[in-house]
Amino acid sequence: MRVDLLKYDLPPERVAQFPSEDREQARLMVLAGDQAPDHRRVSELADLLPPGSLVVLNDTRVVPARLIAQKETGGRVEVFLVRHVGSRTIEVHGEPRDAQIWRALGKASKALRFGIDMRVVPNASRNVPATAGLHVRLLGRSDEDGLLEVALYTSGRVPVAEAIRTFGRMPLPPYIKRDAEPEDADRYQTVFARVDGAIAAPTAGLHLSHGLLGRLAVHGLEVVSVTLHVGLGTFQPVVVEDLDQHKMHREQFEVSRTTAQAIERARARGSKIVAVGTTVVRALESAVDANGTVRAMSGDTSLLIQPGHRFRAVDWLLTNFHLPRSTLLALVCAFGGTERVLGAYRTAVDASYRFYSYGDAMLIERGPQA
27 MRVDLLKYDL
37 PPERVAQFPS
47 EDREQARLMV
57 LAGDQAPDHR
67 RVSELADLLP
77 PGSLVVLNDT
87 RVVPARLIAQ
97 KETGGRVEVF
107 LVRHVGSRTI
117 EVHGEPRDAQ
127 IWRALGKASK
137 ALRFGIDMRV
147 VPNASRNVPA
157 TAGLHVRLLG
167 RSDEDGLLEV
177 ALYTSGRVPV
187 AEAIRTFGRM
197 PLPPYIKRDA
207 EPEDADRYQT
217 VFARVDGAIA
227 APTAGLHLSH
237 GLLGRLAVHG
247 LEVVSVTLHV
257 GLGTFQPVVV
267 EDLDQHKMHR
277 EQFEVSRTTA
287 QAIERARARG
297 SKIVAVGTTV
307 VRALESAVDA
317 NGTVRAMSGD
327 TSLLIQPGHR
337 FRAVDWLLTN
347 FHLPRSTLLA
357 LVCAFGGTER
367 VLGAYRTAVD
377 ASYRFYSYGD
387 AMLIERGPQA
C-alpha cells in the first residue's frame, strides 16, 4: 500500500495531552455495517457489542522505561529501555551481581562510552529508600538491531524489576508535549495490566475501568486476555513510500491455551470476537492457522497488517485514533476499509474528537472485504 494514502489533516490542538477525567467517559465513534458514524461513550460499550461476544484484552504492563543515569563526572545519560533480552551475572568491584540485560536507546550531550557504570537518578515522584540503588552499565551495541545493550543491577537486595518500577519514569509518547507526571503512572496503565514488558500502553485498553469490565460480565460477555509487549515499533515512523518495504520491529506475544480454547468455543456458538486494541489483533492474527483456528502460541511477531489482509480471528475492534502514515492506521484501514475509516477520521476531526494515546476511541465492525 502507498503510505501517502494513509493521511489526514489533524490540527495540533486535537492531540490529547492528558487523559479524560474518567476512563470510560471518553467519546466513542461507532462504525457498524454501512451505517453513518454513531457518536457514543465508551461507558456504553456493554450495550453496543453483539450479545454473547468474547472480548479479548492485552494484559501487558508498561515498564517505566525512561531512566536518567548520572556518570561520576556529573554528566547525565538518558537510557530508554526497549526490550528485556535476558539475565546474566556481571562483576562489580570484584563481586558477582545479578543483572538484567536490555536493548535500549541512549541520549547524552557527549558520545556514549561503553563499559562504564552509572547510577540511576531517583524518580522525584517516588519515595526511594536510602539503601536502594539502581545502576546501569553500557555494554555495547547489538549486532542484530544496532540498539544499545545495557546491564541493570542494584546495589542492595531489591530485585532489578522492582528497582526499575521505583527509579523509572513513564515513557509517554513523543506527541505528548510534557514531562510525565505522578498521575501518569496510573493513567498510562490499563487496570488489567499484569505482565511487565511493554514500553508503550495498549491504548484502547486505557478506556476500560473495573466498573465497565463488571458490566461486560453482567451483560453475558466473556473476557479473556493475550499478552503482546508493545515495543519500539509503535513510535517508529514509516519512511518508505510503499508499506511492503517497511521493516516492522519484533514484539513478544503469547496466546494462552485458555484464551485459544475460549475463542474456539465462541466460534462454535457463533459469537463475535472483539479485540480491544490493534495489539490484540496482531497477537491473534499471528496465532491463527490457515483454517482460521487460533492456536496457543508464544514468541515474536513482526506481522504487518495492511489493506488486503484477510482477517481470520477478529470481528470487532475497539481502538484509538492513530497517527497519519502509520502502520497502526494501516491495520485499522485494513480492518474497516480505507475509505470508510479515513472518512470517519475526517468526521472525528470536525467533531472535535481527541486523538492518539490519551484520546477518544472507535468501535469498528469488520468491513466486508476484510
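Numbering (my numbering), first residue to last: 27 to 396. Each residue gets a CB set at the ideal place from its N, CA and C atoms; glycine is no exception.
Span separating the alpha-carbon of residue i from that of residue j
i      : j      : result
Tyr201 : Arg40  : 11 Å
Ile127 : Arg114 : 7 Å
Leu75  : Leu57  : 12 Å
Arg366 : Ala95  : 47 Å
Ile289 : Ala360 : 22 Å
Glu188 : Asp222 : 11 Å
Ile142 : Arg276 : 29 Å
Asp60  : Arg191 : 46 Å
Pro199 : Gln287 : 35 Å
Pro350 : Trp342 : 22 Å
Glu388 : Thr319 : Before going on, a small fix: residue 388 reads as Met here, not Glu. Going by the C-alpha atoms only, they are around 26 Å apart.
Gly120 : Arg220 : 36 Å
Val186 : Pro63  : 47 Å
Phe44  : Pro197 : 14 Å
Ala356 : Val340 : 16 Å
Lys97  : Phe140 : 12 Å
Pro37  : Leu254 : 31 Å
Glu207 : Gly194 : 12 Å
Val147 : Tyr179 : 14 Å
Counterpart residues of residue i in DSSP-defined beta bridges
i      : result
Leu54  : Arg66 and Ala387
Glu280 : Thr253 and Ser324
Arg336 : DSSP lists no partner for Arg336.
Glu248 : Leu80
Ala224 : Val88
Ala301 : Val82 and Leu343
Arg28  : Asp268
Ile202 : Answer is none; Ile202 lacks a bridge partner.
Val41  : Phe381
Ile94  : Glu104
Proximity of residue i and residue j at Cβ, strictly below 7 Å
i      : j      : result
Val281 : Met323 : yes
Ala177 : Leu165 : yes
Arg338 : Val314 : yes
Phe279 : Asp85  : no
Ala91  : Leu107 : yes
Met55  : Leu269 : no
Leu83  : Gly231 : yes
Tyr34  : Leu368 : yes
Glu50  : Ser235 : yes
Gly393 : Phe347 : no
Ala52  : His245 : no
Thr345 : Thr285 : no
Val68  : His272 : no
Same chain, Cβ closer than 8 Å to residue i, neighbours up to 5 away in sequence not counted
i      : result
Val81  : Leu75, Leu242, Leu247, Glu248, Val249, Val250, Val300 and Val302
Pro122 : Thr115 and Ile116
Ala399 : No statement about residue 399 is possible, as the shown extent of the chain runs from 27 to 396 and does not include it.
Ala227 : Val88, Tyr214, Gln215, Thr216, Val256 and Ser383
Glu267 : Arg28, Val29 and Asp30
Leu138 : Val103, Gly132, Leu164 and Leu174
Leu330 : Leu269, His272, Met274, Thr353 and Ala356
Ser378 : Arg40
Residue range of the unbroken beta strand (DSSP E) whose run includes residue i
i      : result
Tyr179 : Leu174 to Thr180
Leu313 : In the sequence as displayed, the identity of residue 313 is Ala instead of Leu. Looking at the DSSP string, Ala313 is not in any beta strand (DSSP E); the run it does join, the alpha helix (DSSP H), is Thr304 to Ala313.
Thr115 : Arg102 to Val118
Leu160 : Leu160 to Arg167
Ile127 : Glu121 to Ala134
Thr192 : No beta strand (DSSP E) contains Thr192, which is instead part of the alpha helix (DSSP H) from Val186 to Phe193.
Asp143 : Asp143 to Val146
First through last residue of the alpha helix (DSSP H) which encompasses residue i
i      : result
Glu365 : Thr364 to Asp376
Arg213 : Asp210 to Arg213
Leu71  : Leu71 to Leu74
Neighbourhood of residue i by C-beta, 7 Å cutoff - its chain only, sequence neighbours within 5 removed
i      : result
Thr99  : none
Val105 : Leu93, Ala95, Ala130, Gly132, Val162 and Val176
Met144 : Ala95, Gln96, Lys97, Val103, His161 and Val162
Ser46  : Ala52
Close-in-space but distant-in-sequence residues of the same chain around residue i (CB under 6 Å, 5 per side omitted)
i      : result
Leu258 : Val108 and His275
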